[in-house]
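Enquirer: Have a look at the structure that comes next, please.
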Amino acid sequence: MAGIASLFGVLGLASTAAAHGFVQGIVIGDEFYSGFIADKFPYESDPPAVIGWSTTATDKGFVDGTEYTDPNIICHKNATPGAISASVAAGGKVELQWTPWPDSHHGPVIDYLANCNGNCSTVDKTTLEFFKIDQAGLINDTVVPGTWASDELIANNNSWTVTIPTSIAPGNYVLRHEIIALHSAGNEDGAQNYPQCINLEITGSGTDKPSGTPGEKLYSPTDPGILVNIYASLSTYDIPGPALYDATSAGVAATSTGVAQAGVTTSPAAVTVTSPTGGSGPTTLVTKTVPAPTPGSTETPQPGNGGGLPPCQLQFFERFKMFKKKPTIKTLSSIRSSDRRKIADQIIKDYNIAIPTAAPLSADESKEKQNNDDTPAKETASNLTTIRNAILPENSLSARFTTTAGPDLREVQGTVYVGSHPEFAGEERILWFKLEQGPGADGRIYPTVYSLWHNPRLIPLLYTPAFVMGKLFGGADLMTPGLANDPPFPSAAVKGATVAVSSLDSPTVPLFVGVCEIDVAGLGDVQGSKGHAVRGLHWEGDELWSWSSSSRPGQPAPEFLEGWDEETRDVEEAVEKLQLGETEGEGGVSLGKEAEEEPEEPEKEPTVKEIETAFVKAFIYSLYRLKKDNPDAPNHGLALPIQPSALISSHITPHLPVYSSQQAQFYQIKRTSWKNVKKFIKHLDKEQLVKSKDRNGQETVILDVDFNDYRVAQFVPYRLPTRNVVESSGKAVSGKQQQKLAEDGVDPSVGQTLTVQVLYRPSPKLAPTLFPARQPSDPKNYYKYSEVSSHLDQYLSSQDLISAANRRIIKLDPFLANTIYTSSSGNDQAARARGEVTRDGLLQRIVSDASLVAPYHAILKGRQTLEDVKPKSGPAPKATLSIERRGSAKTVSKISGFEVFGIIPGFLAEELSKKCASSASVAQATGAVKGLLEILVQGDQRKAIQTALERRGVKSQWVDVVDKLKKKKT
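Under the UniProt record's numbering, think of the first position of the sequence shown as 1, with each following residue one higher.
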């Protein structure tokens, strides 16, 4: 408990040690191997045997210069050898997947090998002698602190690939892979080393057995590459450690400083790629040293492709990714009702969806239902219609498509089925697709993620770690070792079955669709298994997901979906939910058929133990979210000390599983055995989650928390109350709580504070040139207007595109001309012909084109920040106030589109009726999605309506006023 232990050294000061990362997975060939999971395995009584060396660095921490002569520098703190080894051929590639690396921790990435001269699982680490086989340092220093190898690792999905030299003699080796963070290296002992070791069994016909350097002699605290200020402009950077191994001369090391000389390589062994970073201006030297091709190799580092570093591309990742490129979709056509029913029935049959039948009736019930013309047969038919509409909505469309797949780019033909569900705001999306000709064609109809988000438990759901999901988004198949959670796996996940895959970070949200290549249901422990488990077809972020009839970007995945968290498949319950009408939150199921409201059943009162468990879990959930949302901030953004009132209001209440006002009455501190917050804090202290202190013998505060506790590391998020209405304090309430407030006559929207934030999500075509390469769902992949402008300025400066005569004029380089000014419009053609544009015009051209940066928005309520709200696609919404004439002389005012601001129609209508001394009616809004309402008031009441909206936090610029009484100019 390092964070808490620090308090005994300095009373009252919180620990500032931050957690950064470790290698969590390794891919060799088409095999996945687990690394040593530093924040999990140490807490397990029987951790699995892995190739990664174990450490006690459970805080994901580092080794600094004070330990450069200590064995801890070899393979990290108290490291012990991995229990097994992975086989790799000399000349083969080893990909190392890190946990998310903080972008503030710039520095080199270095790889060494050491011959174990025996069994690596029992080797004495102090006898290992390491020789350097790969290194990369400063890539570009145009903008301080520069672009480093660590930044390329981040851009490559937090992964790094190293090639084993072909000349190495076969045997057992330790691969020492290391990032050195230099953000504090301006002070002696400020550099942070993150060494990671794995056991390899190298095969091949090489004969070279290079001599090396003991781990304790690799570095000195005053080495030029260790003691360095990266916040000063660096023309050169010396990568620390011994010279790079020379594969071309048997065991003789090459002289390599890691410093580029313009156009000159440093030695036959190492190729230093030099790229100019200032356009036509002065050339800035950048360094990136990679191994030279070994004898017989034809691979040569190429400028412009990452300096010759092997990209994260493995052969099995390329097998089947037909929708990674945009398919050609022909004209959409309507589906006849009879054909739609046949298609839906085929899907029902293929996926074994049971149609609930009516229960047997007594004689009296049967007679009553016959009198009401409501027979069991009609009830069953109604259920079938409900399920058909949920699967393939009315007015669905279809179209033929063509694309290519596989390394030979063989043509694939099929059909897409397009429709809209309420949670997509009526927007048409591809819901299903069928492969009819070409590789993988089997005539089956496969669901897209949009269908799965609307239809829980339609197919079996498997799980995988987040970093593996990143690989699946790149077109990879899911390998057997990548399956997460212990067996048994879903019984329906047999060979040939269609399955969905979700990330452990969002276990209730399917993000990937594929076909089982093995009998997953029959698997036992997958650790050490080999081969493909699921062949990928479609995923969030591919071109099926991106397609829209209105050319809008793909819908981001919801954070949580009800139904997918169930362990068993209960179709009758699902149909029951479908018939309930509208649901709360994103991703709910609504078929538009309203059921009669049933009286609310009384909640079962939880036991004292259940309430106390909920309080502790809520606190752990709070730490989990802080750690996830603020990985690099001191104390993960937590303000210390924590007062008792802040503990309850900010950390406990928002994370309690309370979904109704009745539940809220049960989950109170006074219903626990603690009875007060002071004793609750003492309990957390006893559990070693916090360090507390009594002030003046009365108030008890939390001085420090343990973010590295295993309960935080292994925490699995649960569903939180829906944030569809927010009180002025910023605290969310559920739909039932909203109804309760309404019954009590309380309008929660009055006095609320609102902020509308306009955001932009860059297209992959702008990454990594203008923006970092990130996954579509990455919360960091949304930028404010000012941030888009800042990124553009950085690029223009780095490429020397700003005119010296007039800084408003920008010269077009190939990237700008071929990526941004690509349309056939007159303006774009003129810009390309001139070869220059204004800086403001360039920025406007980017933000106005949804294919370059897709518009998003977030509405922040109360004390919310962007970390609390998931941005929604499309421009920022506005309410519409319309003044129009009814009949010959009757004027009315209509207001619509206000629900998005958390305003309850009934309360607003009641206030307007009183203020305007007139009737105010509430009805379905004309031309809007079902469920959105409008309020109509007699007379021109724009002033009263605007005042009422302002009382609810809606600013005048968020309201479009349409005056239809004004005469049109002739």
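Even for Gly, the Cβ is constructed at its ideal location relative to N, Cα and C.
Owing to the predicted nature of the structure, the values given are computational and were not obtained by experimental measurement.
1. Given that a residue counts as buried once 16 or more other Cβ atoms are within 10 Å of its Cβ, and exposed if not, what is Gly107?
2. CB of Ser803 to nearest heavy atom of the ligand FMN: below 6 Å?
3. Do you know offhand how far Asn193's Cα is from Gly118's?
4. Given this structure, state the Cα-to-Cα distance separating Pro764 from Pro855, to the nearest angstrom.
5. For a quick check, are the C-beta atoms of Gln196 and Thr99 less than 7 Å apart?
6. Exposed or buried, Glu394, counting other C-beta atoms within 10 Å across all chains shown (16 or more means buried)?
7. When burial is assigned at 16 or more other CB atoms within 10 Å of the CB, is Glu605 buried or exposed?
8. Kindly indicate which three-state DSSP category Ala928 falls into: helix, strand or coil?
9. Based on the DSSP output, what are the partners of Ser150 in its beta bridges?
10. Start and end of the beta strand (DSSP E) containing residue 975?
11. Anyone know if the C-beta pair for Ala86 and Thr55 falls short of 7 Å?
12. Out of Thr822, Arg176, Val143, Gly186, which has the shortest C-alpha to C-alpha gap to Thr213?
13. In chain order, what residues of the same chain lie with their CB nearer than 7 Å to the CB of Leu435, ignoring the 5 residues before and after it?
14. How is Arg319 classed by DSSP in three states: helix, strand or coil?
15. Reducing DSSP to helix, strand and coil, say where Ile611 ends up.
16. Between the Cα of Ile28 and the Cα atoms of Ile73, Ile202, Gln346, Lys77, which residue gives the shortest distance?
17. Tell me which same chain residues have a C-beta within less than 8 Å of the C-beta of Ala850, skipping the five on either side of it?
18. For Ile329, which residues of its own chain have a beta-carbon under 6 Å away from its beta-carbon, when the five flanking residues on both sides are left out?
19. In the structure shown, what three-state DSSP assignment does Tyr782 receive?
20. DSSP state of residue 985, grouped into three classes?
21. What are the residues that DSSP puts in a beta bridge with Cys75?
22. Taking all protein chains shown into account, do 16 or more other C-beta atoms lie within 10 angstroms of the C-beta of Glu188, making it buried, or fewer, making it exposed?
23. Helix or strand or just coil, what does DSSP make of Ser896?
24. Are Lys627 and Phe715 closer than 7 Å when you measure CB to CB?
25. Starting from Gly842, trace the beta strand (DSSP E) in both directions and tell me its first and last residue.
26. Can you check whether the C-beta of Phe401 is within less than 7 Å of a C-beta belonging to chain C?
27. Does the beta-carbon distance from Val922 to Ile935 come in below 7 Å?
28. What are the boundary residues of the alpha helix (DSSP H) that Tyr710 is part of?
29. For Gly735, which three-state DSSP category applies?
30. Alpha carbon to alpha carbon, how far is Glu899 from Tyr417? Give it in angstroms, no decimals.
31. Using CA atoms only, rank isn't needed, just tell me which of Ile37, Ile642, Tyr33 is closest to Ala713.
32. Grab me the residues of Leu852's own chain with a C-beta within less than 7 Å of its C-beta, minus the 5 sequence neighbours each way, in chain order.
33. Does the Cβ-Cβ distance between Ala521 and Ala493 come in under 7 Å?
34. Going by beta-carbon coordinates alone, are Gly514 and Pro487 separated by less than 7 Å?
35. So, under 8 Å CB-CB, Val705 and Leu689 are touching, yes? Tell me the CB distance rounded to an integer number of Å.
36. Distance check for Pro481 and Lys31, CA to CA, integer angstroms please.
Expert: With the given structure in hand:
1. buried
2. With respect to small molecules bound, the structure shown includes none, and the ligand FMN cannot be examined in it.
3. 27 Å
4. 14 Å
5. no
6. exposed
7. exposed
8. coil
9. According to DSSP, Ser150 bridges with nothing at all.
10. With the chain covering 1 to 970 only, the question about residue 975 has no answer from this structure.
11. no
12. Arg176
13. Val412, Gly414, Ala441, Asp442
14. In this prediction, Arg319 has a pLDDT of 43, which is less than 50 and means its spatial position is unreliable; nothing more can be read from the coordinates.
15. helix
16. Ile202
17. Ser551, Arg552, Pro553
18. Ala399, Phe401
19. coil
20. Any question about residue 985 goes unanswered here, given that the chain covers just 1 to 970.
21. Paired residue(s): none; Cys75 is not in a bridge.
22. exposed
23. strand
24. no
25. In the sequence as displayed, the identity of residue 842 is Leu instead of Gly. Run containing Leu842: none in the beta strand (DSSP E); it sits in the alpha helix (DSSP H), 839 to 847.
26. Included in the structure is just one protein chain, with no chain C present.
27. yes
28. 710 to 713
29. Note that Gly735 has pLDDT 47, beneath the 50 cutoff, so the model's placement of it is unreliable and the number below is only indicative. In this structure, Gly735 counts as helix in the three-state DSSP scheme.
30. 31 Å
31. Ile37
32. Ser763, Leu766, Ile820, Ile846
33. yes
34. no
35. 7 Å
36. According to the sequence shown, residue 31 is Glu rather than Lys. Their Cα atoms are separated by approximately 8 Å.
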